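The structure appears below as structure tokens.
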Amino acid sequence: MKKILGGLAVVGALALSLTGCTGTTGGDAADDGLITVGFAQTGSESGWRSANTESMKAAFSEENGFKLVFNAADNKQEAQIAAVRSFINQGVDAIVIAPITVDGWDDVLTEAKDAGIPVILEDRTVSASEDLYASWVGLDFQKEGHTAGEWAAENFGSEPTNLVVLEGTTGSSAALDRATGFADAIKGTSINVLDSQTGDFTRDGGKKVMEGFLQKYGSDIQLLFAHNDDMGLGALDAIKAAGLVPGQDIKIVTIDAVHDGMQALADGEFNYIVECNPILGEKVAAVVKAVLAGETVDKATIVPDGAFTQEDAVELLPTRPY
Ligand code: AHR
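Anchor point for the sequence shown: position 155 equals 155 in the numbering used here, and the numbering is continuous, going up by one each time.
Encoded structure:
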């Protein structure tokens with residue numbers, strides 16, 4: 001099952017080899033009955049991302065009827081758009097994108113539509129018109145932020161509490177919506193936002209930004225909201241290096257619930273985690289097959305999330321799959 005766009009396929013294959021794609025390239029191979037899917041992943045910024053990539057690769061396997069052309073864009077929007085353009089040039093059967101940022105997708109999504117290649121979004125959303133993609137499978141980031149904010153409001157909202165925030169990648173739906181949900185939940189409480197900066201969803205980013213917060217505000221910081229576990233884990237190093245005790249001197253709420261985050265929660269270094277489920281592969285693969293079969297699919301599929309205390313983490317850690 002392949003669309004062949006002549007010489008463009010060569011350009012596409014070349015571009016993919018330059019941007020770190022793995023898997024079988026589409027375009028000029030014999031028809032083998034498999035569905036060729038180009039997957040434009042954000043990068044490998046976090047434990048959540050690794051689990052998501054693993055889930056996608058397992059679901060888009062040859063045993064399940066797919067050939068996966070995988071690209072990780074190192075969190076660079078231009079590289080991700082270039083990868084999608086390569087998939088179009090190769091004439092893949094469908095394209096799956098985990099969009100790094102919400103904006104900037106109109107042109108390339110229009111190009112995919114003009115080429116007759118359906119696009120399915122996974123994980124994050126875009127600001128482009130819904131007509132430009134077939135479906136989205138992801139998480140309710142605003143609700144995740146709201147749940148984190150509710151916990152903060154319930155536990156610290158009745159007396160003055162200084163908060164700092166480690167934001168995710170600037171312009172990503174995950175960061176934008178979590179910020180909106182959290183701000184809404186702490187509105188009208190005594191929580192005072194001292195500062196809020198991006199750590200780009202990485203451990204290193206979280207550590208560096210937290211070091212800056214600690215230099216500026218020192219022990220005035222009482223509460224940290226990190227948009228993901230990895231930034232919170234990076235912040236732990238900065239907090240300990242400043243001679244403070246994470247989970248005690250500075251209370252910490254994060255989002256994701258990957259293994260290392262749950263371990264920090266079980267150890268009492270984090271105080272609360274809102275889940276963001278990365279295991280989306282099977283759902284996305286089912287949507288791709290349905291779209292290609294001409295079936296009507298839901299425009300949005302939202303995967304439910306939980307939230308965990310220290311006791312939950314101790315109980316769940318031994319059986320957590322990621
Ligand atoms: O889009 C989901 C977010 O992206 C996860 O919370 C974060 O860890 C990842 O990098």
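Backbone N, C-alpha and C define an ideal beta-carbon position, used for all residues, glycine too.
These figures come from a predicted structure and were not determined experimentally.
Identify every residue that forms a DSSP beta bridge with residue i.
i	result
Y133	In the DSSP output, where bridge partners are listed per residue, Y133 has none listed.
V37	L68 and A94
E275	D256
T198	E167
T309	According to DSSP, which records beta bridges pairwise, T309 is partnered with nothing at all.
N228	In the DSSP output, where bridge partners are listed per residue, N228 has none listed.
G138	D123 and I302
P246	I250
L236	Its beta-bridge partners do not exist; DSSP assigns none.
I191	T161
L223	L163 and K251
Can you tell me whether residue i sits near the ligand AHR, meaning its C-beta is under 7 angstroms from at least one heavy atom of the ligand?
i	result
N228	yes
I250	no
S219	no
W48	yes
E45	yes
R203	no
R85	no
D191	The residue you asked about is not Asp; residue 191 is Ile in the sequence shown. Checking every heavy atom of the ligand AHR against the Cβ of I191, none is found closer than 7 angstroms.
A174	yes
R320	no
D107	no
G168	yes
I279	no
D256	yes
D305	no
D260	no
D123	yes
Please check the pair residue i and residue j, which I expect to be a contact at CB under 8 angstroms, by giving their CB distance rounded to whole angstroms.
i	j	result
I235	G206	The amino acid at residue 235 is misidentified as Ile; the sequence shows Ala. A235 to G206, Cβ: 5 angstroms. Contact.
I359	V284	Here the chain comprises residues numbered 1 to 322, so residue 359 is not present and cannot be evaluated.
P160	S190	5 angstroms
E122	L280	5 angstroms
M231	L166	4 angstroms
V37	V69	7 angstroms
L163	L214	In fact, because the Cβ distance is near 14 angstroms, the residues do not count as touching under 8 angstroms.
Use the C-beta contact count for residue i: other C-beta atoms within 10 angstroms, 16 or more gives buried, fewer gives exposed.
i	result
A148	buried
E295	exposed
I302	exposed
N192	exposed
G188	exposed
E150	buried
A241	exposed
P99	buried
V245	exposed
G243	exposed
D229	buried
R320	exposed
A293	exposed
S158	exposed
S46	buried
D107	exposed
Q248	exposed
K76	exposed
T42	buried
P318	exposed
T22	Legend: pLDDT at T22 = 46, less than 50; position of this residue unreliable, value from coordinates given subsequently. Exposed, by the Cβ-count rule.
P304	exposed
S219	exposed
A30	For A30, the pLDDT reaches just 46, beneath the cut-off of 50, and the residue's location in the model is therefore unreliable, leaving the point undetermined.
S61	exposed
S129	exposed
E144	buried
E275	buried
N33	Checking the displayed sequence, the identity of residue 33 turns out to be Gly instead of Asn. It counts as exposed.
F308	buried
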